[in-house]
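The numbering of the sequence shown is UniProt numbering, which starts it at 1 and goes up by one. Even for Gly, the Cβ is constructed at its ideal location relative to N, Cα and C. Just below is one structure, and these are the notes that go with it.
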Amino acid sequence: MATLLSSLPSGSLTYKSFGQLSYLERVADSPTVTVFFHGLGLDATDYQGYLESHETHGIAVNLAGYAPRATDHLSPVPVRQHVEMVAALVRRIARDQPEKRIVLAGFSLGADLVLQLAEHWMSSPGEWRPPLQGALLLDPNVNRSTMTISRLFAAADRRDPLPALKKLVELAPDLDGFRSLCTYASRIAAKDFGQVRQLADDMMHYWEPAGYDQFGARVARVVEIADSVNIVLSADYQEHLSGMESAVQGQGADTARVSFHITELDHFGLIGPSVLQRQLKSLGSD
Numbered sequence: 001m002a003t004l005l006s007s008l009p010s011g012s013l014t015y016k017s018f019g020q021l022s023y024l025e026r027v028a029d030s031p032t033v034t035v036f037f038h039g040l041g042l043d044a045t046d047y048q049g050y051l052e053s054h055e056t057h058g059i060a061v062n063l064a065g066y067a068p069r070a071t072d073h074l075s076p077v078p079v080r081q082h083v084e085m086v087a088a089l090v091r092r093i094a095r096d097q098p099e100k101r102i103v104l105a106g107f108s109l110g111a112d113l114v115l116q117l118a119e120h121w122m123s124s125p126g127e128w129r130p131p132l133q134g135a136l137l138l139d140p141n142v143n144r145s146t147m148t149i150s151r152l153f154a155a156a157d158r159r160d161p162l163p164a165l166k167k168l169v170e171l172a173p174d175l176d177g178f179r180s181l182c183t184y185a186s187r188i189a190a191k192d193f194g195q196v197r198q199l200a201d202d203m204m205h206y207w208e209p210a211g212y213d214q215f216g217a218r219v220a221r222v223v224e225i226a227d228s229v230n231i232v233l234s235a236d237y238q239e240h241l242s243g244m245e246s247a248v249q250g251q252g253a254d255t256a257r258v259s260f261h262i263t264e265l266d267h268f269g270l271i272g273p274s275v276l277q278r279q280l281k282s283l284g285s286d
């Protein structure tokens with residue numbers, strides 16, 4: 001981790017650990033603290049540009065075994081254990097920052113993790129729940145039809161990811177998509193693929209093959225504990241938008257607290273600093 005730390009501007013970000021988790025933190029005098037969760041095979045550095053350029057308190061989490069250049073070689077950590085560890089981290093953040101409200105922001109797998117956290121916190125009447133000002137869900141899954149990459153990695157050999165990575169770049173629809181997927185593949189190749197495959201497989205089991213009712217029910221759980229929920233989607237989600245909105249409405253959730261935004265961006269464009277700034281500002285965290 002020394003390499004990661006030395007690459008950070010002095011006084012800008014700090015690197016910390018919490019059990020098997022680690023995170024980048026920028027402390028600022030803001031009324032909220034935003035906790036960021038990365039996508040499958042990615043890590044906290046996806047949010048580094050945003051954290052360095054915005055005067056707001058932010059914490060970008062590395063899931064267990066996902067930190068850049070990690071050398072701890074953990075056994076694959078299942079998603080259930082990740083939910084418990086992340087819930088404990090959020091509780092610690094709330095304890096250490098009692099004057100601040102919390103915003104959760106998740107991209108792809110990270111958005112699904114926010115859904116699972118809400119289910120965890122709502123699972124028992126006595127379960128502690130964080131003071132959530134809002135949740136930002138960037139391209140959450142809705143069923144297995146949106147899980148092309150997870151399906152590919154879940155079926156791969158954890159000891160030899162190369163065939164799956166080759167198939168990944170073949171998914172590119174155009175030259176720009178090829179560049180994005182090549183960058184993504186190179187980042188996956190630098191990770192412990194056993195961790196990636198474990199979460200991909202777990203998330204495949206988390207979602208039903210088709211339909212939107214399950215998605216609607218899970219978003220409704222988030223609405224129960226957060227003041228507002230922003231769901232921001234890449235262009236490929238256009239075919240799902242109506243079904244997603246109807247499913248949330250069908251759960252009887254307070255739809256005035258849920259907003260959907262379809263963009264012209266590709267999947268990875270959603271974690272650009274300008275997109276994050278605009279969407280988080282609407283949740284009162286920037």
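Query, Result
"Under 8 Å between C-beta atoms of A210 and Q251", "no"
"Under the three-state DSSP convention, the category S124 falls into", "coil"
"8 Å Cβ cutoff met for S285 and T34", "yes"
"Any 3 or more C-beta pairs closer than 8 Å across the segment 258-270 and the segment 226-241", "yes"
"Cα-Cα separation between A64 and F18, rounded to whole angstroms", "10 Å"
"Proximity of M204 and S150 at Cβ, strictly below 8 Å", "yes"
"Minimum Cβ-Cβ distance from V77 to chain D less than 8 Å", "You won't find chain D in this structure, because it holds only one protein chain."
"Per-residue DSSP class, three states only, for G194", "helix"
"Cβ neighbours of L136 in the same chain (closer than 6 Å, five flanking residues each side left out)", "A105, N230 and Q279"
"Beta-bridge pairing of E25 - partner residues as DSSP gives them", "T14 and I59"
"Buried or exposed by the 16-neighbour rule on C-beta atoms within 10 Å, applied to L132", "buried"
"Cβ-Cβ distance between L13 and E55 below 8 Å", "no"
"First through last residue of the beta strand (DSSP E) which encompasses S282", "Per DSSP, S282 belongs to no beta strand (DSSP E); it is in the alpha helix (DSSP H), P273 to S282."
"Closest by C-alpha distance to P125, when choosing among E224, M244, H261 and T255", "E224"
"Other residues of its chain near V90: CB distance less than 8 Å, five sequence neighbours each side excluded", "V35, I102, L104, L117 and P130"
"Whole-angstrom distance between L24 and D96, CA atom to CA atom", "16 Å"
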